[in-house]
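Residue numbers (the UniProt record's numbering): 1 to 782.
What follows is one structure encoded as structure tokens, with my remarks underneath.
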Amino acid sequence: MSRAVLEDLIIPSVISKDECLFCYASVYNESNDSQIPTHSLYICLTTFQPVCEKHLPFHSQVIKEYASRDTLYYLNISKVKKLVPEDSNKDDDGNMNKKIKLHVVEKSEDELYNTFWMLIKYDADQLTSEQMYSCSDSNVPAVTREKVEQILRTKSQEMVDQTASWELSINSCIHTRNFKVPEGPSKKLVEKCFDCDLAQNLWLCLVCGNIGCGREQIGIEGHSHAKKHYENNPEHGLAVKLGSLSSTSCDVYCYACDEEVKFDDQSVFIQTLIKYGIDIGSKEANEKTLVELQVEQNMNWDFQMTDSKGQGLKKMMASKEYGCGLINLGNSCYMNSVLQCLLNGGVKHYSLDLIGHDFPIAVVYPEKNVECQVIKLNNAMCLEPNIYPDGIRPKSFKRCVAQSHQEFSSGKQQDALEFLTYLIDFLDEKLLKKMSSNPNDLLKFVFEDRLECKRCGKVKYTSQQASSIQIPLMENDQPQNLLDRLRDYTSGEELEFRCPVTGEMGTAVKSVGFRTFPDTLVINPIRIKLENWTPVKTNNELVMPGLEDIRDTLDISQFKSFGFNPSTEKLLPETDDSANSFEANPACVAQLSEMGFGANAITKALYVTGNQETEVAMNWLFQHMDDPGLNEQFSPPSKTNEKDSSHQVNPELLENMMSMGLDPKLCRKALILNHGDVNASVEWVFSNMDDNGELEEEPTTSENPDSEVTYGYPEAAPYELTGVVCHKGNSVQSGHYVAFIRKEVEGKQTWILYNDEKIVLASEESLNEIKKNGYLYFYSRI
């Protein structure tokens, strides 16, 4: 029977076989003396989908309806980690201490795991299974064994065939490629800073031989005299770290390019060192390289779960009370931290339980279905977290949610606030707005802008829905108070303004306030500034209510906006918003131009951020530096006939897609959503096969603001700090995110640290991290 089934079986080039479709069960097992697996998955030989034993009956009913079969075949697979000799964990000197290495030898799964398989026949009517063959049987037909081995060899969609990490990529730059060996006689240098006599952390200028100390970092003393030498001598941009020099290592830094670089022609580098009396062949590195320092910093933050006394922090077990950890997929800590705050108490009363815990039987491909992925994640984090003591890998959720977003679908580090905003909008559009109760509404409120022209004295009020506020911080090293920053932010600022009454340029005062107040207020302190025209993250200490004492609440009632008062105010005349025109704020344009941003990028940033504040526009630009169309010509969208034109598609493109056998309604919707991009549209269709193809009507804006949906409460109430997302690191494009959530432990309210898959009781030192590295603060209404 199996011969007939498997002989004609067409095996795809990629098979998902590492994680259950409906939960986070896997095929992997730790080493054990018996080598008997306890975790396994069943690969359906009809759809090549993996399911665990718990979800096997349900999956059989889905496939029974889909394929109209009662008898199904599954290949059960499990992997058990091979026993590793104890001595293999020791270093060359026999020590068990973990080394920092930049290269790890890659190993395949066959080298790491023993694989076991079993072919079964499953009766979808009786929900019973019968074993046909296993890997230990000697009578397995050749064709069966060949097909099974082909499935096992087929590349897995989620397969990780290597254990390599901390990959180093250093390139040459124009300055190293054009560098010439300095002329003149050789000279012997005394290895100490020429400015402060420091004898470590020294950098040699390759142009003139000046020795200066580097910046202070990770407990290493330094006064940045090497950098100051470059600032005083702009042509002297290349320097080498003396303590890193050996026959196999060196740190060369280009201050002009602001990155670590290398020489393509090593002979030029070696001859230059000889000029300064340095024989690299006889040197031994006595200080850590830049990459080793960065790796150590990341490891200390990622893995060193100890307090100031070196004591390990108390581990909290996965449970309904504390949830479960989320394993980092490679720079996915921004997503992990946001999800923990949303689903694990950072946002009070936030719950996705209304969607339900059971998967819809009509969905054959749940890995591409938003509802199924939300159910899968919610079940693991909230319903049964105790079965995942080592955490879960939310890769199918990320793939489904982020597949249409260029940045979030990549493996790069992303901004946590930008992801939170995207996730709220995505879930609203795809799933939640049709629900009777939308948990995302807990974060929404109405923010109101008031603009008063100083020439005519008239005012204009505009309101907008928001789910967070961004608060600028002062550029100093002194501790700052959150309430003071909120007060400065809402008090108003003077702007250049063309009065619509007189037509003359003048000034106006813009102030902001809360028209309504949310259940949970998300506050993002802007921790970005320019340093030598490079965006860097600051760590200003921010003092906030509720961090150390939960009874200390946040009162934002003083920031309420009361709207237009006809007895004391007169409104500015309305301008024609239908015209396709936009005049960027000239003061903001001038400031952003001085920072080096292009005209098109500036215009786009000001348009998107409201055309009022330079710092907000600058922050937006930093977050979108890698956008491919950032510097393309920008034209504000016209508001006239926008709906009619947006729903038109090119008939030829539609015909091309339909000729592939794709559903016409899905093709038309895909072309509209992807603005006529055929490749993106085809990909969208294959990723949304369960979509009904219907285009949702755009909501009509009412002239009566009272008839619009209003989020939040009309009056304020005390707010308590319930969650924090922290960003550790100096770069806006790297670093590491973690979440802190207030929980009750042994009858006392305290902070729990969620660092990817690790859940621990936060230490006192963590409170300083929240003050200096807090990126998102979640204040929940009492």
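C-beta: ideal position from N, C-alpha, C; glycine also.
These numbers come from a predicted model, not from an experiment.
Between the segment 492 to 506 and the segment 585 to 601 there are three or more C-beta pairs closer than 8 Å, enough to call the two in contact. Residue state for A239 is assigned as strand, using DSSP reduced to three classes. Judged by DSSP in its simplified three-state form, R485 adopts helix. Shown here, M335 sits in a helix according to DSSP, grouped into three states.
Scanning its chain for C-beta atoms nearer than 6 Å, with the 5 sequence neighbours on each side dropped, one finds around K79 the residues V27, Y28, Y113, T115, in chain order. The C-beta separation of P439 from L352 comes to about 6 Å, placing the pair in contact by the 8 Å criterion. Contact check for C726 and E764: beta-carbon distance about 15 Å, past the 8 Å limit, so the pair fails to qualify. Under the 8 Å Cβ criterion, the segment 390 to 398 counts as touching the segment 323 to 342, having at least three qualifying pairs. Per DSSP, F582 lies in no beta strand (DSSP E) and is assigned neither H nor E. F397 is not a Cβ neighbour of L420, given a cutoff of 8 Å. At least 8 Å separates the beta-carbon of T128 from that of V14. Our two residues, I174 and D251, have alpha carbons roughly 17 Å apart in a direct line. Residue state for L326 is assigned as strand, using DSSP reduced to three classes. Short of 6 Å from the beta carbon of K192, and not among the five residues preceding or following it, lie these beta carbons of its own chain, in chain order: A199. In the three-state DSSP reduction, P141 falls in the coil class, being neither helix nor strand.
With a 10 Å radius around the Cβ and a threshold of 16 neighbouring Cβ atoms, Q131 comes out exposed. In its chain, beyond the 5 residues on either side, S60, Q61, I63, K64, R69, D70, T71, L72 have a beta carbon closer than 8 Å to the beta carbon of A124. Taking 3 residues as the minimum length, the beta strand (DSSP E) runs contained wholly in the segment 464 to 538 are 469 to 472, 493 to 498, 505 to 514, 520 to 526, 528 to 531, 534 to 537, in order along the chain. Non-local C-beta neighbours of K228 in its own chain, meaning closer than 8 Å and more than five positions away in sequence, comprise D195, G212, ordered along the chain. With a beta-carbon spacing of about 11 Å, Y775 and N539 fall beyond the 8 Å limit used to define contacts. In this structure, DSSP gives Q131 an extended state, which the three-state scheme calls strand.
The alpha carbon of N565 has as its nearest neighbour, out of T722, R450, S246, L238, the alpha carbon of R450. In this structure P50 touches L21 by the C-beta definition: roughly 6 Å separates them, less than 8 Å. When only Cα atoms are considered, Y334 and G411 end up about 11 Å apart.
In the structure shown, C196 adopts coil according to DSSP, grouped into three states.
Contact check for Y713 against F517 passes: the beta carbons are separated by less than 8 Å.
Secondary structure of V401 (DSSP, three-state): helix. Residue pairing by DSSP puts R742 in a beta bridge opposite W751. 8 Å or more divides the Cβ of E452 from the Cβ of A362.
In the structure shown, H736 falls within a strand segment according to DSSP collapsed to helix, strand and coil.
Per DSSP, reduced to three states, the secondary structure at C372 is helical.
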